DNA sequence: CCGTATCCATTCCGATACTG
DNA sequence: CAGTATCGGAATGGATACGG
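Structure (structure tokens):
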């Protein structure tokens, strides 16, 4: 039987996973951030089967994460580009990356990391902070039911 | 054929997805943050089949995300608790949550959100910042190859 | 209450061949 | 180059029945 769809869940985590919670989607987004925009670039960068890539790209277009745009340099071609919604996934990639850097590598292994292209500086670890700028402790978060669109606090 | 394992990739995003990149693992972590620690609590909170839950819990134990501890209140029972490695997944949950809140709900829908249990304040959006505290623009991130354990910049 | 074992349908994924 | 079509093996997921 098909997995339950989570797209009506009240939990945003569940809905997010329903859209991007598979192995390839976020890696496609990663490639897009690295500059990939064509079918072959994604395929070579990821090494996945073409039919899988095809179906993922189609789903990501439908989900509004990618959009098709004519090639920049006059080519009569269509390219896949991140939408605003897709660009915002960058935070999730950074969170995944930092967790992986801190927990999945042993000292000495080669590893890629994000650096600022201007200064070469690396990034600080992301931290959850309250509206007033103070930091939230590990266990000090509770879920609360609100109505979307009505500013909380 | 089995999906390629990504656990030797140099990209931390790929390795992270190899460990937590399926639909249930992060939801189990979410339940654990909400206080679930027993098999039945996870099962009722998520509504997934018991065999799936069983295999996921086992894998998460093997991956060091959960650990078994004797029940707090003298019960002769074992409970699943997040390890430090598991607790650090909180950032990923927050990133997923904020993306979902911003992109997957229409105004008026009921939605859960994180608030600070002390003050009731909601959280600010996560932001990537450089070591010097300044904010990084959307496209100003490049991946760079480094060696794990050697501090970058 | 805590799982494990089995069964079955669906999906995922890779490989390959093929079209425009 | 950019996909689509098809195949087969493996994994996923739900339901149920069963043992500790």
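Protein chains in written order, with this note's numbering: chain B, 1 to 153; chain R, 1001 to 1153. Cβ coordinates follow ideal geometry from the N, Cα and C atoms, glycine included. On a predicted model such as this, the values are computed, not experimentally measured, just so you know.
According to DSSP, residues forming a beta bridge with residue i
i, result
"residue 122(B)", "115(B)"
"residue 1079(R)", "1069(R)"
"residue 110(B)", "1147(R)"
"residue 101(B)", "Residue 101(B) is not bridged to any residue."
"residue 28(B)", "Answer is none; residue 28(B) lacks a bridge partner."
"residue 130(B)", "1123(R)"
Residue i: first and last residue of the uninterrupted alpha helix (DSSP H) it sits in
i, result
"residue 1085(R)", "1084-1087"
"residue 44(B)", "39-46"
"residue 50(B)", "50-62"
"residue 19(B)", "12-20"
Rounded C-alpha distance that separates residue i from residue j
i, j, result
"residue 1106(R)", "residue 148(B)", "7 angstroms"
"residue 131(B)", "residue 140(B)", "14 angstroms"
"residue 79(B)", "residue 26(B)", "18 angstroms"
"residue 9(B)", "residue 1101(R)", "12 angstroms"
"residue 145(B)", "residue 1113(R)", "6 angstroms"
"residue 1103(R)", "residue 110(B)", "35 angstroms"
"residue 1117(R)", "residue 20(B)", "29 angstroms"
"residue 1046(R)", "residue 18(B)", "14 angstroms"
"residue 1015(R)", "residue 1094(R)", "19 angstroms"
"residue 115(B)", "residue 32(B)", "17 angstroms"
"residue 1028(R)", "residue 1138(R)", "31 angstroms"
"residue 1051(R)", "residue 1039(R)", "11 angstroms"
"residue 108(B)", "residue 97(B)", "17 angstroms"
"residue 99(B)", "residue 77(B)", "37 angstroms"
"residue 1135(R)", "residue 1054(R)", "42 angstroms"
"residue 154(B)", "residue 1120(R)", "Chain B is shown from 1 up to 153; residue 154(B) falls before or after that span and cannot be answered."
"residue 22(B)", "residue 89(B)", "14 angstroms"
"residue 1150(R)", "residue 1086(R)", "24 angstroms"
"residue 48(B)", "residue 1070(R)", "43 angstroms"
"residue 56(B)", "residue 1057(R)", "28 angstroms"
Contact with chain B by residue i, beta-carbon distance below 8 angstroms
i, result
"residue 1107(R)", "yes"
"residue 1057(R)", "no"
"residue 1051(R)", "no"
"residue 1129(R)", "yes"
"residue 1111(R)", "yes"
"residue 1148(R)", "yes"
"residue 1097(R)", "yes"
"residue 1037(R)", "no"
"residue 1061(R)", "no"
"residue 1021(R)", "yes"
"residue 1078(R)", "no"
Segment limits, beta strand (DSSP E) that includes residue i
i, result
"residue 948(R)", "Chain R is shown only over 1001 to 1153; residue 948(R) falls outside these bounds and no answer can be derived."
"residue 1066(R)", "1066-1070"
Closer than 8 angstroms to chain R by CB, residue i
i, result
"residue 121(B)", "yes"
"residue 88(B)", "yes"
"residue 118(B)", "yes"
"residue 31(B)", "no"
"residue 101(B)", "yes"
"residue 42(B)", "no"
"residue 28(B)", "no"
"residue 68(B)", "no"
"residue 16(B)", "yes"
"residue 45(B)", "no"
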